[in-house]
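Asks: Protein sequences appear in the order of chains A and B.
Everything in the first sequence is counted per our numbering, starting at 22 for the first residue and increasing by one.
Everything in the second sequence is counted per our numbering, starting at 511 for the first residue and increasing by one.
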Amino acid sequence: MFNDRTAKFLLLAALVICVGGAFAPNWIVNQFMFGFSRALAILGLMVLWRTGLVSFGHAFYFGLGAYAVAILDSKLGVSDVFLRLMAGAVVAGVAGFLIGFIMRNYRDIFFAMLNTAISMVLFGIVVKTESLGSTDGFAISASTIFGLSPETKYPLFVIITLVGLTAALAVNFYLKTTFGKLTTAIRDNEIRVEYLGFSVAHAIHLKYTISTILAGCAGALMAMSLGQVDPESMINWTVSGELVFVTILSGPGNVIAPFIGSLVFEVLRTYAFELAPQAWQLIMGATFLTIIFFLPGGIWSLIEKLGGKKNEK
Amino acid sequence: MKNKLLKGALGIAAVSAVALAGGIAHAKDTITIAVPSFLTGGAAGPFGIPAMNGAKMVTDAINAGKLPAPYNTKGFGGATADVIALDEGGGATKQVAEYRNLVEKRNVDAIVGYISSGNCQALAPVAEELKQFTIFATCGTPRIFEEAERKYVFRTMGHATADNVAAAMYVKEKFPDMKGYTGINQNYAWGQDSWRDFDLTLQQIMPNTKASDKTQFPKIFAGQYGSEISAMSLDKADLIHTSFWGGDLEAFIFQGNARGLFKKKIGVFTVGGTAAYRLGKKLPNGLVLGARGPYGILVKDRQSTLNQWFINTYKDIYGIYPSGPAYQYGQAILAAKIAYDKAGSDATSEQLADALRGITFESFSTTIEMKLGNGHQAATENGYGITEYDSENGENVVKDVKFYPASCVLPPEGQNSVDWIKGGMKGAKC
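The following block contains the structure:
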């Protein structure tokens, strides 16, 4: 599991980032927390994308993760970071597993839009229900770690980095197993995969569930780093679009890509917002077009080109 | 492998160095004030842009020492202020992230603004956490200072309770025969609070009237109200209360007018003031119009030097009369000046907060007493009028304007708005 280049790089990078974070100013720590939280969801979408499936509704699971944290906090006062993370993952995972029975039968645009539809149902429910915070959402109290409440955000930052590392290693490992390798096989020729003796439906169901658990974790961590949830920023279709945007920005080449892409996105948005308060969306849109025209393989393909190395899979 | 590691380490070092360098640049003869307001989306044109214009105009005048007395000293405690304009759109969560950036990355000295109650509610705890001096200019939910004690957060105008208690009193005075009422309000803190306060007050002061059981709560920034308008047209209620603002307000007026809604029903618009100058002839006659206090069209005739300076300067620069948001942002900037003048240009957030807490000052159109929420929440008078198109001058005017003093429409210090209204508004001096 740890003896390929990607895994070694991940371990080293995580170490450097954790140490570096102790000396970095707060806003950079924030950018990493937001970026790495979102990267988990991107990792899941990347697995789906390699299978040839694009979901325009993963904000559903992202939002479930975030709202699980918010509701545990406001109704039961649960503040432990691991309980919160677990809750996000379980709620999103169970929902994903159940909905997966439907989703595994659809492909292409039907898969994409069915996901959107389900996410908008949740959006509608939350917006219209005052006890779920409607459009305002909830503020979330600071997370505690085994009963201790840290003074700074650094411990949470380390936890997010380590969760990200674990997820990246696990997905990296999964993609190397037989079931994982079916991702590209399914995209290329489903019938042949069936003839090889594998169930395409089962394989897709598994990948779908993995992606929903990851999206749930992402939502939970994002909610904890931001200290606030609202439907506009967590469940709306624009969030699903944003996740797809970052997936394309990152590229499907490697499990490291979502983390780099997500960070780039976060920094880009911060600066676009700072430089052009009235036209920041324009900058984001232009970047998106540029990526699609000139870097269809995402930022990862640029890194590969610059590194002059062959992609490892 | 080593190469990659080195590159990574260098990258992080570079990023940190840039960040540190950014943090040091700081001087005492200038201060930075961040002014968030809606610059994109439907709320920008009618609300966000006038607000920003008001803030910039007043800041420029203060920097040049050109405000009328007693504010004719130059600068903020002598320092020139740079305004950072900032978009308030995108939801509360995004605003929390941006707020942290403002404080931790851009090192602003003061933050003055915010229109949406949802944003203010999300940001108040963050401001307290980061210990950042912040003045909320416009947002209206009373919950901000009623749910928790604040140390660094202020609001320089009255809250939703004042708007809606005053509206109910005005309705009682002008339409004593009203039998039933309904409402259309946005489904978030502001809309929910507004309807609650209006409904509760009418239950107290006009106990024979009845609220419709089909009140409408569309989503904020929905923009389309066809089905709600149909439902309200069929409703027996003869009065419609709304706290719509910005683009939603104008969309509702256009769509309701086209279906004759305001011919059949009395419309009570608690934030209608911004539409008065923008819509011209398209604004129906006979609407009960508020501006969330003594601002905009309601105070156009007040002759004080400060008010006339505000109206004339704004009209000269932007070619239109200043509406409520321009006044509200203008007076919030003025409050920042007063705090800086008292505490000095290099004051900390604590010192600025101490300087502003509990004071009374003359703003452009009214007297502001920071006497609620432990001296953090302003109390001002509140008023309403009825719209009429003045065809001679080709502009909208309001007639029968009546103002209610702060002590009449706001709960006394330490009391929760909802409890106060439910308890029969004890201690109100009208």
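Glycine residues also receive a C-beta, built at the ideal position from the N, C-alpha and C atoms.
Note that the coordinates shown come from a computational prediction; the quantities given were computed from them, not determined experimentally.
Tell me the DSSP secondary structure of G787 (chain B) in three-state form.
Replies: It should be noted that the sequence gives Tyr, not Gly, for residue 787 (chain B). Note: Y787 (chain B) maps to helix in three-state DSSP.
Asks: Measuring CB atoms only, is the segment 100–120 of chain A touching the segment 158–173 of chain A, in the sense that at least three cross pairs come out at less than 8 Å?
Replies: Short answer: they touch.
Asks: Using CA atoms only, rank isn't needed, just tell me which of A:S232, A:R59, A:F132 and A:M245 is closest to V115 (chain A).
Replies: Answer by Cα proximity: A:S232.
Asks: Using DSSP bridges, identify the partner residues of E879 (chain B).
Replies: Looking at the DSSP assignment, E879 (chain B) forms a beta bridge with B:T870 and B:A889.
Asks: With burial defined as no fewer than 16 other Cβ atoms inside 10 Å of the residue's Cβ, what is the status of D758 (chain B): buried or exposed?
Replies: Buried, because 16 or more other Cβ atoms sit within 10 Å of the Cβ of D758 (chain B).
Asks: For a contact defined as C-beta to C-beta under 7 Å, what are the partners of Q631 (chain B) on chain A?
Replies: Ordered by position in chain A, the residues that pass the 7 Å Cβ test against Q631 (chain B) are D157.
Asks: 8 Å is my cut-off, CB to CB: does K149 (chain A) come that close to chain B?
Replies: K149 (chain A) counts as touching chain B.
Asks: Within the same chain, show all residues whose beta-carbon is closer than 6 Å to that of G933 (chain B), passing over the 5 residues directly before and after it, in chain order.
Replies: Nothing listed; no residue qualifies.
Asks: Roughly how many angstroms lie between the CA atoms of T205 (chain A) and G42 (chain A), to the nearest whole one?
Replies: Their backbone Cα atoms lie some 36 Å apart in a straight line.
Asks: I want to see whether chain A comes within less than 8 Å of V928 (chain B), judged by CB atoms only; does it?
Replies: No, because no Cβ of chain A sits closer than 8 Å to the Cβ of V928 (chain B).
Asks: From the DSSP secondary-structure annotation, give me the bridge partner or partners of P546 (chain B).
Replies: DSSP output for P546 (chain B) lists B:L596 as bridge partner(s).
Asks: May I ask which residues mark the beginning and end of the alpha helix (DSSP H) holding V265 (chain A)?
Replies: Looking at the DSSP string, the run of the alpha helix (DSSP H) that includes V265 (chain A) is W258 to S271.
Asks: Helix, strand or coil for A647 (chain B), going by three-state DSSP, please let me know.
Replies: Of the three classes helix, strand and coil, the one that applies to A647 (chain B) here is coil, per DSSP.
Asks: Would you mind stating whether L799 (chain B) and I763 (chain B) have Cβ atoms separated by less than 8 Å?
Replies: Cβ distance not < 8 Å, so L799 (chain B) and I763 (chain B) don't count as in contact.
Asks: Report the partner residues of H751 (chain B) according to the DSSP bridge assignment.
Replies: Beta-bridge pairing links H751 (chain B) to B:G693 and B:V778.
Asks: Count the CB pairs spanning the segment 282–297 of chain A and the segment 121–134 of chain A that are closer than 8 Å, and state whether there are at least three.
Replies: Output reads no: the segment 121–134 of chain A does not touch the segment 282–297 of chain A.
Asks: What number of angstroms, rounded off, separates the C-alpha of S814 (chain B) from the C-alpha of F874 (chain B)?
Replies: So the two alpha carbons sit approximately 8 Å from each other.
Asks: For chain A, check one thing: does any of its Cβ atoms lie closer than 8 Å to the Cβ of Y828 (chain B)?
Replies: With 8 Å as the cut-off, Y828 (chain B) does not count as an interface residue toward chain A.
Asks: For a contact defined as C-beta to C-beta under 7 Å, what are the partners of Y662 (chain B) on chain A?
Replies: By Cβ distance, chain A contributes nothing, its closest Cβ being about 16 Å from Y662 (chain B), past 7 Å.
Asks: Taking DSSP's pairing of strands, which residues face N906 (chain B) in a bridge?
Replies: Paired residues: B:Y899.
Asks: Mark R213 (chain A) as exposed unless 16 or more other C-beta atoms lie within 10 angstroms of its C-beta, in which case mark it buried.
Replies: When all chains shown are included, R213 (chain A) counts as exposed.
Asks: Report the residues of the segment 702–713 of chain B with a CB closer than 7 Å to any CB of chain A, ordered along the chain.
Replies: Those would be Q702, in chain order.
Asks: Strictly below 9 Å CB to CB, what residues from chain B border M255 (chain A)?
Replies: Residues of chain B passing the Cβ test: G601 and T603.
Asks: Less than 8 Å between CB atoms is the rule here; does D351 (chain A) satisfy it with respect to chain B?
Replies: Residue 351 (chain A) lies beyond the residue range present for chain A, which begins at 22 and ends at 334; the question has no answer from this structure.
Asks: With distances taken between CB atoms, is the gap from E598 (chain B) to Q605 (chain B) smaller than 8 Å?
Replies: In contact: E598 (chain B) and Q605 (chain B) (Cβ atoms closer than 8 Å).
Asks: Could you work out which residues of chain B lie near T291 (chain A), taking near to mean beta carbons separated by less than 9 Å?
Replies: By Cβ distance, chain B contributes A607, E608, N611 and K615.
Asks: Name the DSSP bridge partner or partners of Y894 (chain B)?
Replies: In the DSSP output, where bridge partners are listed per residue, Y894 (chain B) has B:G800 and B:K912.
Asks: What whole-angstrom Cβ distance do F754 (chain B) and G552 (chain B) have, given they're in contact under 8 Å?
Replies: Between G552 (chain B) and F754 (chain B) the Cβ distance is about 11 Å, and since that is not below 8 Å, they are no contact.
Asks: Pair every Cβ in the segment 272–279 of chain A with every Cβ in the segment 58–75 of chain A, then say whether three or more of these pairs are closer than 8 Å.
Replies: Taking 8 Å as the limit for Cβ pairs, the verdict is that the segment 58–75 of chain A does touch the segment 272–279 of chain A.
Asks: Which word fits V40 (chain A), buried or exposed, when buried means at least 16 other C-beta atoms lie within 10 angstroms of its C-beta?
Replies: With fewer than 16 other Cβ atoms within 10 Å, it is exposed.
Asks: Is the shortest distance between the beta-carbon of P176 (chain A) and the beta-carbons of chain E less than 8 Å?
Replies: Protein chains A and B are contained in the structure displayed, whereas chain E is not.
Asks: Is the separation between the beta-carbon of E287 (chain A) and that of F55 (chain A) shorter than 8 Å?
Replies: Yes, the Cβ-Cβ distance between E287 (chain A) and F55 (chain A) is below 8 Å.
Asks: What do you reckon, is the C-beta of A89 (chain A) under 7 Å from a heavy atom of the ligand PLP?
Replies: This structure lacks the ligand PLP; in fact it carries no ligand of any kind.
Asks: By how many angstroms is the C-alpha of D723 (chain B) removed from the C-alpha of I969 (chain B)?
Replies: Nothing can be reported for residue 969 (chain B): it is not among the residues displayed for chain B, which extend from 511 to 940.
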